[in-house]
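The sequence shown begins at 1 in full-length UniProt numbering and counts up one residue at a time. Note that beta-carbon positions come from the ideal geometry of N, C-alpha and C, so glycine has one too.
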Amino acid sequence: MFGWRRPQARRITGIATAVLTLAGALSLAAPAGAAAGDRQGAGPEAAVAERLVERGRAEAEVAAAHDATRVNVTRDTGGWAFGTAVLATEPGSRRMPRGWLFLAEREGGSWRVALEGEERFAELSRRSPLVEPEEKPLFAGLDGGQDRQDKAPGGGGPGGEVVAYGAGDYRTGMALPTTVGASTVMTSGPHGWGGSAAPWSSLDFAGGDEVVRAARQGTAYTMCRGWIRVVHDRGYATDYYHLWNNINTDGGWVNTGAFLGYTGTDVTCGGAAYGRHVHFGLIQNGSYIPLAGHNLGKWVIYNGSAAYQGSAMHGSRRVGAGGALYNYGALGLNQAVIDANGGGHVNKRTGPGTGHAIAGSAADGATVTVSCSASGTSHTGRYGTTSLWNRLSDGTWISDAYVWSGVNGPISGWC
Ligand SMILES: [Zn+2]
Numbered sequence: 001m002f003g004w005r006r007p008q009a010r011r012i013t014g015i016a017t018a019v020l021t022l023a024g025a026l027s028l029a030a031p032a033g034a035a036a037g038d039r040q041g042a043g044p045e046a047a048v049a050e051r052l053v054e055r056g057r058a059e060a061e062v063a064a065a066h067d068a069t070r071v072n073v074t075r076d077t078g079g080w081a082f083g084t085a086v087l088a089t090e091p092g093s094r095r096m097p098r099g100w101l102f103l104a105e106r107e108g109g110s111w112r113v114a115l116e117g118e119e120r121f122a123e124l125s126r127r128s129p130l131v132e133p134e135e136k137p138l139f140a141g142l143d144g145g146q147d148r149q150d151k152a153p154g155g156g157g158p159g160g161e162v163v164a165y166g167a168g169d170y171r172t173g174m175a176l177p178t179t180v181g182a183s184t185v186m187t188s189g190p191h192g193w194g195g196s197a198a199p200w201s202s203l204d205f206a207g208g209d210e211v212v213r214a215a216r217q218g219t220a221y222t223m224c225r226g227w228i229r230v231v232h233d234r235g236y237a238t239d240y241y242h243l244w245n246n247i248n249t250d251g252g253w254v255n256t257g258a259f260l261g262y263t264g265t266d267v268t269c270g271g272a273a274y275g276r277h278v279h280f281g282l283i284q285n286g287s288y289i290p291l292a293g294h295n296l297g298k299w300v301i302y303n304g305s306a307a308y309q310g311s312a313m314h315g316s317r318r319v320g321a322g323g324a325l326y327n328y329g330a331l332g333l334n335q336a337v338i339d340a341n342g343g344g345h346v347n348k349r350t351g352p353g354t355g356h357a358i359a360g361s362a363a364d365g366a367t368v369t370v371s372c373s374a375s376g377t378s379h380t381g382r383y384g385t386t387s388l389w390n391r392l393s394d395g396t397w398i399s400d401a402y403v404w405s406g407v408n409g410p411i412s413g414w415c
C-alpha cells in the first residue's frame with residue numbers, strides 16, 4: 001500500500017480475559033519519589049523509574065508523590081532491557097497515567113535508560129538486540145520530527161478553524177480507531193490526555209460495535225491493563241485507554257483496523273472513565289500532540305472553544321462532538337479528500353488551470369489520489385488561496401484549494 005512491510009503478527013498472545021501480569025516479578029511498584037535511591041538490584045527497574053519520574057515531571061507535570069512507577073521489563077538479555085514504564089495515578093482520579101516504552105543498556109555497573117521520543121532511545125534502538133527488525137525503523141522514526149511549535153493550530157480562526165496552509169505536514173495515514181465502514185459516536189472532541197490541559201491530543205469514541213481498532217499499522221504494546229499503544233511510522237504513535245478485553249502484546253504487529261479491544265471503563269493505571277468509551281490519543285516523537293488539523297478516517301479534526309467540544313469535517317460536512325463519525329478508512333499519504341468548501345462538486349480539468357477544459361467532476365468528500373502537482377490558476381478554498389494544482393491518478397487536474405491533503409504543497413512531488 002505505502003511500500004510498508006507487513007510481517008506476520010507476532011507476540012500477540014490473544015485477548016486478555018484476566019488481569020494482565022503487570023505486577024509480575026519483573027515489575028516495580030514504588031512511590032515515585034522513593035524509586036531513585038533503590039539501586040541495589042541488578043535489574044534496570046530503579047534506573048528506569050528514576051528516568052520516568054524525571055520525564056513525567058518535565059513534560060506532563062505528573063509524578064506526584066503518591067504516583068506509582070510501574071516498570072515492566074518485557075525483554076531482557078545480556079546487558080539490555082526493554083519494556084514499558086508507566087506513572088500510574090489513582091484509579092478514579094482525574095489525573096491520567098503517563099507511559100513510555102524504555103530501552104536500557106548496562107554500562108559498567110549502571111544502566112543507561114532512554115524513553116520513547118528521546119534521541120537516545122532512537123540511538124539505542126539501532127544497536128539493541130532486543131529491538132525487532134520491524135521495530136527499528138519505527139523507534140528511529142524521527143523523520144516526522146520537524147518543529148511542532150508552529151504546527152499547533154489550536155483554533156486559529158473563527159469557530160476554531162484550522163489554518164493548515166503555511167504550516168507543516170498533518171498527514172497521519174490513519175483511520176478512526178473504530179471499525180471501518182461503520183459509524184461510532186465521537187462522544188468528546190479534542191481534549192487533553194489528562195483532561196482540559198493542552199495539548200488537546202485526545203478524542204473519545206463510544207457506541208457502534210464498541211470495538212476499538214488500530215488507527216494505522218505498527219507495533220503494539222500493552223502499557224497497562226486497558227491501555228494499548230501502537231507505534232507507527234513517521235514518529236507517530238497512538239494510545240487507546242479504558243479498554244475491556246484488550247489484546248496483550250509486546251511489539252506484536254497490527255495492521256490498520258486490527259482488533260485491540262472493546263470500549264470500556266478500565267482505570268487500572270489511574271484516571272477516570274464515566275461510561276464505556278475509548279480515550280484515543282495522538283503522539284509524535286514520544287509526546288502527545290494536538291490532534292487539530294490532522295485527519296483520521298478522512299475526517300479533519302477541529303478544536304472547539306473549550307476542551308471536549310470541537311468537531312470533525314469530511315469534505316464540507318461538519319459533525320460536532322456527540323455526533324456519529326462514519327469511519328471511511330485511512331487516507332493515503334498521496335491521497336486527498338475533496339473539499340468543495342460548501343458542498344456539491346469540484347470540476348476536474350485537462351490541465352492545471354481553469355483555462356483547460358472540464359474533464360468531469362469530483363464530489364465533495366470523495367477521495368482522490370495525487371500523482372504529482374504543478375502551478376496553475378489561483379483559487380481560494382476553505383484553507384486559503386493557492387495556485388497549486390494536483391494531477392490525479394486518472395490524469396485529470398484539480399485545484400489544491402478544493403482538497404484536504406494535509407500539506408500546503410505537493411504530496412507526490414512536482415510533475
Ligand atoms: Zn478522553
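- Taking C-beta atoms as the reference points, aspartate 339 and serine 305 fail to come closer than 8 angstroms.
- Alanine 401 sits in a helix when the DSSP states are folded into three classes.
- For cysteine 372, the closest C-alpha among the options Trp389, Arg382, His356, Gly384 is that of Trp389.
- DSSP places serine 125 outside any beta strand (DSSP E); the residue lies instead in the alpha helix (DSSP H), whose first and last residues are 119-127.
- Placement of the Cβ of aspartate 204 at a distance of less than 7 angstroms from at least one heavy atom of ligand 1 is found.
- By DSSP's assignment, tryptophan 193 forms no beta bridge with any residue.
- A check of alpha carbon separations from alanine 359 across Gly365, Thr367, Thr350, Ala366 identifies Thr350 as the nearest.
- Under the criterion of beta carbons closer than 8 angstroms, leucine 333 and glycine 173 qualify as touching, at roughly 5 angstroms.
- The three-state reading of DSSP puts glutamate 59 in helix, counting H, G and I together.
- Within the chosen limit of 7 angstroms, ligand 1 reaches the beta carbon of histidine 279 through at least one heavy atom.
- Beta-carbon to beta-carbon, glycine 310 and glycine 189 are separated by about 3 angstroms, close enough to satisfy the 8 angstroms threshold.
- With a cutoff of 8 angstroms on beta-carbon distance, leucine 296 and alanine 122 are scored as not near each other.
- Take glycine 365, set aside five residues on each side of it, and the residues of its chain with a beta-carbon closer than 7 angstroms to its own are His314, Gly315, Arg317, Val337, Ile338, in chain order.
- Distances taken from the Cβ of serine 188 to the heavy atoms of ligand 1 include one shorter than 7 angstroms.
- The alpha carbon of leucine 115 has as its nearest neighbour, out of Arg55, Thr77, Trp80, the alpha carbon of Arg55.
- Judged by their CB atoms, alanine 292 and tryptophan 200 are nearer to each other than the 8 angstroms cut-off.
- Set against 7 angstroms, the gap from the CB of histidine 191 to the closest heavy atom of ligand 1 is smaller.
- For leucine 138, the enclosing alpha helix (DSSP H) begins and ends at 136-139.
- By the criterion of a C-beta distance shorter than 8 angstroms, arginine 94 is surrounded in its chain by Gly194, Gly195, Gly271, Ala272, once the five residues flanking it on both sides are discounted.
- Close CB contacts of serine 399 within its chain, under the 6 angstroms cut and outside five residues either way in sequence, are with His379, Trp389 (chain order).
- In the structure shown, leucine 130 adopts coil according to DSSP, grouped into three states.
- In the DSSP assignment, the residues bridged to serine 287 are Gln284.
- Cβ neighbours of alanine 324 within its own chain (closer than 6 angstroms, five residues either side excluded): Ser183, Val185.
- Here the C-alpha atom of glycine 78 lies approximately 13 angstroms from the C-alpha atom of valine 131.
- Under the three-state reduction of DSSP, glutamate 116 is assigned to coil, being neither helix nor strand.
- Taken through DSSP and simplified to helix, strand or coil, valine 180 comes out as coil.
- Close CB contacts of valine 48 within its chain, under the 7 angstroms cut and outside five residues either way in sequence, are with Val71, Ala85, Phe102, Ala104, Val113 (chain order).
- Taking each of Arg225, Trp100, Tyr402 in turn and checking the Cα distance to alanine 362, the smallest one comes out for Tyr402.
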